[in-house]
Amino acid sequence: MVVSNDYSFGTGPCLFIVLLQSQMCMSERETWATRTGFIFAAVGSAVGLGNIWRFPFAVGEGGGAAFLLVYLLFIALIGFPAILVEFVIGRRTNLNPVGALQSLATGPWRYIGYLFLVTGFAIMAYYSVVAGWFVRYFVIGITDGYTVADPEAAGALFGSIATGLDSLLYHTIFMAAVIGVVAVGIRDGIEKAVKFMVPAIIVLLLVLTVYGATLSDAGLAYEYYLSPDFGVIIDQWQTLLPLAAGQAFFTLSLGMGVMITYASYLGEDRNLVKDALTIIGFDTGIAVLVGFAVFPIIITGAGIEAAGEETVNAIFVSLAAAFSDITGGRILGLLFFGTVALAALSSAISILEVVVSYIIDQFDVDRRPATAIAGGGIFLLGIPVTQDLIFLDLLDGFVNGILLVLGALLLVLLVGWMIPDAGRDELAKGITDIGKRGDIWLWLVRIPLVVVLVVTLALGIEGYFEFLTGSFSEWLAS
Ligand code: PHE
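Residue numbering for the sequence shown follows this note's numbering, starting at 2 and increasing by one per position.
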């Protein structure tokens, strides 16, 4: 089905509609050809390093089960209504995030798009570096196999990969791949990759989960992961809240316009609530599964303290150990690191695409130069991260503690207070009998969501300030 629209994107949407059957582009505005097209692309964006790499270290930082509980509540009570906010904006306007906000909003709200641009740059700069590590581990599987079981040696191996020339090399390779796909548009390749990736990740995680269950400290790990200490939640809500919120937005690709863009290609017959539930279900299911897979391995290998350390290397160290131990570990490891790299690619594409489509519209340049400029800038911004992990904290903290929450808050305020009728009306389309649910959603958006997001943002800014005046100044002084 093709729906025309006066608004022209240049070549922008051609690439974004990776799963469209129709090859037409430009001035004709298309909609997703199939239900799965949209779902796959949105799941492809959501499932990525957020689930596999960031989630376990956020769990570690948040003290295990206490974090998991707050995170799940956050996904259900905040992430779900917030993803619907982005969906209604996208489908209402059929425009990219910049155009969408300019057509819907008035006053300063019209410029929220600039914030998305900053967020996109900041995320991509370190996302690419971390994705590069996965590519590097994939290559290790080819050249040497996974032979390091001892946590200390595995940690040293990670250290040699994470910073320095190696890291720069793989950041370059990953960025080149993302730029290539966004500039040229290898639609079919990405489509096939996404379709293969999600089931593959699930199967591989299940294998690792079964393996983890056989380890000696599996019981301890499940307890750490699953039985929350409510005292901890009450005592530490000020750290848990921004941590869980940042993770929830990051993992669902919310707060920077990605879901607005994807939903802008949706037809009016689609049930947004159902689609949101499917996407969230896949994304959350995969993250939770990662916990089941890795915590038994981490805790058996390096003790409960290791799980509680907020370390960016946890996943690499624990998996290197697992793959060295499992029969067929080399093949499994190759599949695992390769699949995660693909998952990271499909997420990275969605991030760069927001920035690129913005540049195309704003400066009226062609897709290729726009991609080269944006991708080149991001590549440069990522270089410091490849040399010192403090820059990873600097960017990740800024993105997750502040930018994504701020982006989501502004969108929620817009839909909840400035264009509530349009929002409710848009949500109702494609739903046979929405009844009072549209109003319930709207009230959730207008008050509880705003309150929680304001509090979360304040705590996030405070936490980030502490980082800047604490570890970061120490680093600067040293
Ligand atoms: N959701 C992606 C992941 O979990 C990251 C992402 C964040 C993508 C924001 C787009 C926008 O890896």
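We put the beta carbon where it would ideally sit given N, CA and C, even for glycine.
Taking the alpha carbon of residue i as the reference point, which residue from the options has its own alpha carbon closest?
{"i": "E224", "options": "I300, T433 and G329", "result": "I300"}
{"i": "N272", "options": "G282, E62, I432 and P297", "result": "I432"}
{"i": "T173", "options": "V204, R137 and F197", "result": "R137"}
{"i": "P82", "options": "I403, G329 and V274", "result": "V274"}
{"i": "L415", "options": "L393, L443 and G436", "result": "L443"}
{"i": "M260", "options": "G213, V86 and T210", "result": "V86"}
{"i": "T328", "options": "V199, V195, V130 and Y212", "result": "Y212"}
{"i": "G471", "options": "I441, L460, L395 and A132", "result": "L395"}
{"i": "G181", "options": "I391, V446 and R368", "result": "R368"}
{"i": "N97", "options": "I462, E467, A321 and I361", "result": "I361"}
{"i": "I462", "options": "P243, F68 and L227", "result": "P243"}
{"i": "A423", "options": "G142, F88 and I298", "result": "F88"}
{"i": "S217", "options": "A303, L469 and A478", "result": "A303"}
{"i": "V131", "options": "L169, D151, A245 and V99", "result": "L169"}
{"i": "A344", "options": "Y359, F39 and A43", "result": "A43"}
{"i": "V455", "options": "I79, Q363 and L290", "result": "I79"}
{"i": "L290", "options": "A322, Y359, L205 and A315", "result": "L205"}
{"i": "L118", "options": "L353, L69 and P449", "result": "L353"}
{"i": "I202", "options": "T340, F364, L73 and A222", "result": "T340"}
{"i": "T387", "options": "V48, F159 and I143", "result": "F159"}
{"i": "V453", "options": "A177, L241, Y147 and V233", "result": "L241"}
{"i": "A429", "options": "D270, D145 and V451", "result": "D270"}
{"i": "V183", "options": "L445, S358, V313 and L221", "result": "S358"}
{"i": "T285", "options": "V99, T37 and P57", "result": "P57"}
{"i": "P229", "options": "G408, A67 and T457", "result": "A67"}
{"i": "D389", "options": "F175, D167 and F466", "result": "D167"}
{"i": "F197", "options": "I113, A150, G45 and T164", "result": "G45"}
Going by DSSP, what residue range makes up the alpha helix (DSSP H) through residue i?
{"i": "F56", "result": "F56 to E62"}
{"i": "G49", "result": "Here G49 belongs to no alpha helix (DSSP H), and DSSP marks it neither H nor E."}
{"i": "Y112", "result": "Looking at the DSSP string, Y112 is not in any alpha helix (DSSP H), and its letter there is neither H nor E."}
{"i": "F473", "result": "Counting along the chain, F473 falls outside any alpha helix (DSSP H), and DSSP gives it neither H nor E."}
{"i": "L438", "result": "For clarity, residue 438 is Arg in the given sequence; the question names Leu instead. It spans R438 to L445 - the alpha helix (DSSP H) in which R438 sits, taken as one unbroken run."}
{"i": "W238", "result": "W238 to T252"}
{"i": "S104", "result": "P98 to L105"}
{"i": "R93", "result": "F81 to T94"}
{"i": "I180", "result": "L166 to V185"}
{"i": "E427", "result": "P421 to A429"}
{"i": "I391", "result": "I391 to F399"}
{"i": "G258", "result": "Per DSSP, G258 belongs to no alpha helix (DSSP H) and is neither H nor E."}
{"i": "G402", "result": "Looking at the DSSP string, G402 is not in any alpha helix (DSSP H), and its letter there is neither H nor E."}
{"i": "P152", "result": "P152 to A163"}
{"i": "I76", "result": "Premise fails: I76 is in no alpha helix (DSSP H) and is neither H nor E."}
{"i": "T457", "result": "V451 to F468"}
{"i": "Y496", "result": "It is not possible to answer for residue 496, since the shown part of the chain is limited to 2 through 479."}
If I'm right that residue i touches residue j with Cβ under 8 Å, what's the distance once you round it to whole angstroms?
{"i": "G247", "j": "N401", "result": "3 Å"}
{"i": "V356", "j": "A373", "result": "Rounded, the Cβ-Cβ distance is 12 Å, inconsistent with contact."}
{"i": "R93", "j": "E427", "result": "5 Å"}
{"i": "G91", "j": "T262", "result": "6 Å"}
{"i": "A123", "j": "F337", "result": "The Cβ separation is near 28 Å, so there is no contact."}
{"i": "A308", "j": "F296", "result": "6 Å"}
{"i": "T279", "j": "I40", "result": "6 Å"}
{"i": "V179", "j": "S129", "result": "7 Å"}
{"i": "G49", "j": "S348", "result": "3 Å"}
{"i": "A126", "j": "G408", "result": "Not confirmed; about 17 Å, so no contact."}
{"i": "M257", "j": "L405", "result": "6 Å"}
{"i": "I298", "j": "S319", "result": "4 Å"}
Examine chain B for any beta-carbon lying closer than 8 Å to the beta-carbon of residue i, and answer yes or no.
{"i": "G64", "result": "The structure shown contains no chain B; it is built from a single protein chain."}
Subject >> Length-filtered (4 minimum) alpha helix (DSSP H) runs lying within the segment 298 to 374 >> reply: 305 to 309, 315 to 326 and 330 to 364
Residues proximal to the ligand ATP by C-beta, any heavy atom closer than 6 Å | This structure lacks the ligand ATP; its bound ligands are the ligand PHE.
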